[in-house]
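Undergrad: I have a structure here, written as structure tokens, and I will follow up with some questions on it.
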Amino acid sequence: MKRISTILIYLGIGAILFAQSAEKVDEILASKTLTIGQACYLVGTSTGEVDDKSSYETAFNKFKGLKMFENKKHDEPIRFDEFSNLALQYSSI
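What follows is the structure, encoded as structure tokens:
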């Protein structure tokens, strides 16, 4: 019985942690426009460059050295071509 309780507790903690990381993805899906920071967060977490608990500004700071992000802020909307370029540059293809 103690063993089953311990397993259930660990499963519950795992579910809470997973739900916490999915919160940002839900927030991104609910937004009307994708910002540069959100795009950097998505690409950064998929490549392992950014921790899933990081803010959008922190994610943007990892990629702000790219020429396409000169004079831009993390909360500005990203164009489709910029997002495609970012995703292609950091994909494993």
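With our numbering, letter number 58 in the sequence shown gets 1506, and the count goes up by one each step, no holes. We put the CB at the ideal spot given by N, CA and C, even for glycine. Bear in mind the structure is a predicted one, so any value in this text is a computation, not a measurement.
#1: Pairs of beta-carbons, one from the segment 1497 to 1504 and one from the segment 1512 to 1520, closer than 8 Å: are there three or more?
#2: Do the CB positions of T1493 and E1524 come within less than 9 Å of each other?
#3: Helix, strand or coil: which one does DSSP assign to T1506?
#4: Exposed or buried, K1472, counting other C-beta atoms within 10 Å across all chains shown (16 or more means buried)?
#5: Take the Cβ of F1528 as the centre, count every other Cβ of all protein chains shown within 10 Å, and call the residue buried at 16 or more, exposed below.
#6: When the Cα atoms are used, what is the spatial distance from A1487 to F1531?
#7: Since T1483 sits in a beta bridge, which residues does DSSP pair it with?
#8: Ordered along the chain, which non-local residues of its own chain (more than five positions away) have a Cβ less than 7 Å from that of T1495?
TA: So, from the listed chains and residues:
#1: Segments in contact, no.
#2: Not closer than 9 Å, so no.
#3: DSSP places T1506 in the helix class (H, G or I) of the three-state scheme.
#4: Classification for K1472: buried.
#5: Classification of F1528: exposed, given that the 10 Å Cβ count is below 16.
#6: Take the alpha-carbon of A1487 and the one of F1531: they are about 7 Å apart.
#7: Answer is P1525.
#8: For T1495, where only same-chain residues beyond five positions count, the Cβ hits under 7 Å are Y1538.
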